[in-house]
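Report on the following structure.
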Amino acid sequence: MSDNQTIMEVNNLKMYFPITRGVFKRTVGWTQAVDDVSFRIKKGETLGLVGESGCGKTTLGRAILQLHKPTAGTVKFEGEELTTLPRRDLRERTSRMQIIFQDPFSSLNPRMTVGAIVREPLVIHGVANGEERRRVVEELLERVGLNAQFANRFPHEFSGGQRQRIGIARALALNPTFIVADEPITSLDVSIQAQIVNLMEDLQDELGLTYLFITHDLSMVRHICDRVAVMYLGKIVELSGVEALYNNAMHPYTQSLLSAIPVPDPVVEETRQRIILEGDVPSPANPPAGCNFCTRCPKVMERCFHAEPELKELAPDHSVACFVAEESWQKASMQKEV
Amino acid sequence: MNNQSPLMSVKDLTTRFHTEDGTVFAVNGISYDLFEGETIAVVGESGCGKSVHALSIMRLIPTPPGEIVRGEVTFQGRDLLKLPRDAMRHVRGTEIAMIFQDPMTSLNPVFTIGYQIAEPLREHLNMSKKAAEERVVELLDMVGISDAAERVKSYPHEFSGGMRQRAMIAMALSCMPKLLIADEPTTALDVTIQAQIVELVKRLRAELNMSIIWITHDLGIVAGLAERILVMYAGYIVETAPVKELYANPSHPYTLGLLRSLPRVDKGRAAGRRLIPIAGLPPDQIDPTNACPFAPRCQFAVERCLSENPSLKSIGPRHQIACWVNVHEAAPEVVR
Chain A
1 MSDNQTIMEV
11 NNLKMYFPIT
21 RGVFKRTVGW
31 TQAVDDVSFR
41 IKKGETLGLV
51 GESGCGKTTL
61 GRAILQLHKP
71 TAGTVKFEGE
81 ELTTLPRRDL
91 RERTSRMQII
101 FQDPFSSLNP
111 RMTVGAIVRE
121 PLVIHGVANG
131 EERRRVVEEL
141 LERVGLNAQF
151 ANRFPHEFSG
161 GQRQRIGIAR
171 ALALNPTFIV
181 ADEPITSLDV
191 SIQAQIVNLM
201 EDLQDELGLT
211 YLFITHDLSM
221 VRHICDRVAV
231 MYLGKIVELS
241 GVEALYNNAM
251 HPYTQSLLSA
261 IPVPDPVVEE
271 TRQRIILEGD
281 VPSPANPPAG
291 CNFCTRCPKV
301 MERCFHAEPE
311 LKELAPDHSV
321 ACFVAEESWQ
331 KASMQKEV
Chain B
339 MNNQSPLMSV
349 KDLTTRFHTE
359 DGTVFAVNGI
369 SYDLFEGETI
379 AVVGESGCGK
389 SVHALSIMRL
399 IPTPPGEIVR
409 GEVTFQGRDL
419 LKLPRDAMRH
429 VRGTEIAMIF
439 QDPMTSLNPV
449 FTIGYQIAEP
459 LREHLNMSKK
469 AAEERVVELL
479 DMVGISDAAE
489 RVKSYPHEFS
499 GGMRQRAMIA
509 MALSCMPKLL
519 IADEPTTALD
529 VTIQAQIVEL
539 VKRLRAELNM
549 SIIWITHDLG
559 IVAGLAERIL
569 VMYAGYIVET
579 APVKELYANP
589 SHPYTLGLLR
599 SLPRVDKGRA
609 AGRRLIPIAG
619 LPPDQIDPTN
629 ACPFAPRCQF
639 AVERCLSENP
649 SLKSIGPRHQ
659 IACWVNVHEA
669 APEVVR
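Protein sequences, first through last, are from chains A and B.
Residues in the first sequence are numbered from 1 upward in steps of one, following my numbering.
Residues in the second sequence are numbered from 339 upward in steps of one, following my numbering.
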């Protein structure tokens, strides 16, 4: 069902990392960072990818961009299969897809000037030259709200928010259509976060960008995203439009995640019911049998320990991988018929 | 709570760091009272002096380059800043305890969890090895670590982030302190684990009748936790109010800006609603000025703000702000 509306189509993507031991680096097991994930991103939308640390959201973002070679599965970008492309062709395609990193401190080379950092993608891909190239860099800096004169300065002269702007300018250099934003605001102060989010929204409107917005901040997701995929231990457990997710979360993990987020309003906080999850996320090297969430799920049933639920579309554009949600949905629809 | 004398009273606390680039005015004469059993939150962005203020109270500021220039911290009748080192050492741990942001680096990787929690018990309370060991198991049990008797033998790397923070809390509470200073204790943790830790602290607070100073940058987390909020900016307290009053009626332009720049998980995005960021950057606090430190970023700034730094003044019951402008009169449409 790949059509013009879909910019990115991911099917059954798996990303396993070997666990090695001993002198000969024998493989003794696999960390299943991303395990059989399928979804689609529409042109011009922002898909939020949320989950706790270690759930595989960053790995998924990188595997999509072919920064990791996926273990299995397919990634179709603008109708073209990326996983089987030869390296040289891949570089050309990937200029259309870029990444913004979480840490603006370690993702900029401290020995390069800001101008050189933003220019680098142009040089690598042989876009423009001389005077023209300089002009492009200046335009990019101004587009992200920086003074064009900053091109001669070094990253250490800038604050976190400004550095993140430099990272965004670099990502925009090759006119990408698709950007993976990997926790772009997590390391910034609250008052600066809003500046960067507004910038990203403006750029999306002006340039028609598509974002995969990776974060653990569910409040920001509600603000910036059109659709949301919730990940737990390498799998997508719920995928839906943003309002449907926040108003009617079906997966017990999403429900507890949403209830755990504090609201900056003491009056609301007084009346809120928290679902406190017990324990920690299991290791992705040794996921539990059955449903990955069964060790912490407050609604767990016998069946969850043996069988693995699949991601099923229970309502229009609202998919859930959970037996409990499925059952209650079946009951509800039966009652409707009666 | 109002008529009794405060558990701790901070007066004109001023801390500076003498660095190669000049003197950093980290904390600039802050004063407040903390009552028994009360939880206050100190909220501000990185570099606002919230952690330095806590370290100053604990006398943990490295000197040099740091220096507590002046001020008093009266805790149960004694000025902590004037206590001899040994006496202060006893206060830390038995009467005031602190937990830190990063449970990864605040535990020693080469000692077992049990040993590290037992250390203050043996040091401060002169417990025997055996008694301390038994107490450690009780403490780990209290902070919700299952299978505590086995877990005391574990090393920090065998614990997850949430469990390490629980162990830190057990260690902090081992000598039943009157005051717990929590410096961003949940920032490094995931939201579901953060919720666990907050619930734990709430439960223990009630059980042990502690006062808490919760230091954070997150106006969300303290809304359901603290009774009173102090908002810090550039080393000054710019607004303080009881929690409900602060969120319902934020009156300093900085507090207002912070609250408006936050997206909310409980509210959908109304058509066209944008986040309203605070323009500009926080000051570097090296050159002291007479101006209000927030003036360069403030949309309400008037001439006076650039020549005179306002001090805290009351604008309601227990509600104080340091600002020349009445934002409610200046811009009622912004305040809502």
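By construction, the Cβ of each residue, glycine as well, lies at the ideal position given by its N, Cα and C atoms.
Please read all numbers here as calculations on a predicted model, not as lab measurements.
By DSSP, does residue 198(A) sit in helix, in strand, or in coil?
In the structure shown, residue 198(A) falls within a helical segment according to DSSP collapsed to helix, strand and coil.
In angstroms, rounded to a whole number, what distance separates the CA positions of residue 51(A) and residue 57(A)?
The alpha-carbon of residue 51(A) is positioned some 7 Å away from that of residue 57(A).
Is it the case that the region 567-575 of chain B contacts the region 533-540 of chain B, given that we only count it when at least three CB pairs across the two stretches are under 8 Å?
With a cut-off of 8 Å, the region 567-575 of chain B and the region 533-540 of chain B do not count as touching, because too few Cβ pairs lie within range.
Determine which residues of the region 30-61 of chain A have a Cβ less than 7 Å from any Cβ of chain B, and write them out in chain order.
Going along the region 30-61 of chain A in chain order, one finds 52 and 53 with a Cβ nearer than 7 Å to chain B.
Whole angstroms is fine: what's the gap from residue 258(A)'s alpha carbon to residue 151(A)'s?
For residue 258(A) and residue 151(A), the distance between alpha carbons rounds to 42 Å.
For residue 251(A), which of helix, strand or coil comes out of DSSP?
In the three-state reduction of the DSSP assignment, residue 251(A) falls in the coil class.
Can you tell me whether residue 135(A) sits near the ligand GDP, meaning its C-beta is under 6 Å from at least one heavy atom of the ligand?
What this structure holds is no ligand at all, so the ligand GDP is not there to describe.
Quick one: what's residue 213(A) bridged to in DSSP?
When beta bridges are read from the DSSP output, residue 213(A) appears opposite 48(A) and 181(A).
If I follow the unbroken alpha helix (DSSP H) through residue 219(A), where does it start and stop?
Its alpha helix (DSSP H) spans residues 218-224.
Would you decide whether residue 175(A) is buried or exposed? Buried here means 16 or more other CB atoms lie within 10 Å of its CB.
It is exposed - the Cβ of residue 175(A) has fewer than 16 other Cβ atoms within 10 Å.
Could you work out which residue in 199(A), 317(A), 210(A) and 22(A) is closest to residue 142(A) when comparing CA atoms only?
Distances from the CA of residue 142(A) to each of 199(A), 317(A), 210(A) and 22(A) were compared; the closest alpha carbon is that of 199(A).
Close-in-space but distant-in-sequence residues of the same chain around residue 609(B) (CB under 6 Å, 5 per side omitted):
Residue placement at residue 609(B) is poorly supported in this model, since its pLDDT is 44, which falls under 50; the coordinates still yield a value, given next. Around residue 609(B): no qualifying Cβ.
Between the alpha carbons of residue 114(A) and residue 154(A), how many angstroms are there, rounded?
For the pair residue 114(A) and residue 154(A), the Cα-to-Cα distance works out to about 6 Å.
For residue 446(B), does the count of other Cβ atoms within 10 angstroms reach 16, so buried, or fall short, so exposed?
Under this definition residue 446(B) is an exposed residue.
Tell whether a beta-carbon distance below 7 Å holds between residue 178(A) and residue 210(A).
Yes, Cβ-Cβ distance for residue 178(A) and residue 210(A) is below 7 Å.
Could you spell out the range, first to last residue, of the beta strand (DSSP E) harbouring residue 357(B)?
Segment 346-357, the beta strand (DSSP E) holding residue 357(B).
Complete runs of the beta strand (DSSP E) confined to the region 551-586 of chain B [at least 3 residues]:
If we require 3 residues or more, the beta strand (DSSP E) runs fully inside the region 551-586 of chain B come out as 566-571 and 574-580.
In chain A, which residues lie with their C-beta within 8 Å of the C-beta of residue 612(B)?
198 and 201, listed in chain order.
Please report the residue range of the beta strand (DSSP E) in which residue 453(B) lies.
Segment 451-463 is the alpha helix (DSSP H) holding residue 453(B); no beta strand (DSSP E) there.
Helix, strand or coil, according to DSSP, for residue 76(A) in the structure here?
Collapsing the DSSP output to three states places residue 76(A) in a strand.
Quick check on residue 668(B): buried or exposed, where buried means 16 or more other Cβ atoms within 10 Å of its Cβ?
With fewer than 16 Cβ atoms within 10 Å of its Cβ, residue 668(B) is classed as exposed.
Outcome for residue 26(A) when other beta-carbon atoms lying within 10 angstroms are tallied against a minimum of 16:
Around the C-beta of residue 26(A), fewer than 16 other C-beta atoms lie within 10 Å, and the residue is accordingly described as exposed.
How long is the line joining the alpha carbons of residue 1(A) and residue 156(A), rounded to whole angstroms?
With a pLDDT of 45 at residue 1(A), under the threshold of 50, the predicted position of this residue should be treated as unreliable, though the coordinate-derived value follows. Spanning the alpha carbons of residue 1(A) and residue 156(A) requires a straight line of approximately 47 Å.
Could you compute how far the alpha carbon of residue 595(B) sits from the alpha carbon of residue 623(B)?
Going from the Cα of residue 595(B) to the Cα of residue 623(B) covers about 20 Å.
Residue range of the beta strand (DSSP E) that residue 275(A) falls in?
DSSP places residue 275(A) in no beta strand (DSSP E); its state is neither H nor E.
Could you tell me which of 164(A), 139(A) and 173(A) sits nearest to residue 126(A), measuring between CA atoms?
The shortest C-alpha separation from residue 126(A) is found at 173(A).
Between residue 262(A) and chain B, is any beta-carbon pair separated by less than 7 Å?
Interface flag for residue 262(A) against chain B is set, since a Cβ pair is found closer than 7 Å.
Run down chain A in chain order and give the residues with a C-beta less than 9 Å from the C-beta of residue 533(B).
Those are 256, 259, 260, 261, 262, 274, 275, 276 and 277, listed as they occur along chain A.
Here's the rule: buried if 16 or more other CB atoms are within 10 angstroms of the residue's CB, otherwise exposed. What is residue 118(A)?
Buried, by the Cβ-count rule.
Express the C-alpha separation of residue 469(B) and residue 662(B) in angstroms, rounding to a whole number.
Between the alpha carbons of residue 662(B) and residue 469(B) lies a distance of about 58 Å.
For residue 527(B), the first and last residue of its enclosing alpha helix (DSSP H)
Element bounds for residue 527(B): n/a, residue is neither H nor E.
Using beta-carbon positions only, say whether residue 212(A) and residue 319(A) come within less than 7 Å of one another.
By the CB criterion at 7 Å, residue 212(A) and residue 319(A) fall outside the cutoff.
Between the region 353-361 of chain B and the region 321-335 of chain A, do three or more beta carbon pairs fall short of 8 Å?
The region 353-361 of chain B vs the region 321-335 of chain A: no contact.
Nearest chain A C-beta to residue 582(B) closer than 7 Å, yes or no?
At least one chain A Cβ lies under 7 Å of residue 582(B).
Can you tell which of 279(A), 290(A), 69(A) and 236(A) has its C-alpha closest to the C-alpha of residue 47(A)?
Ranked by Cα distance from residue 47(A), the options 279(A), 290(A), 69(A) and 236(A) are led by 236(A).
Could you give the residue range of the alpha helix (DSSP H) that holds residue 123(A)?
From DSSP, the alpha helix (DSSP H) with residue 123(A) extends over 114-124.
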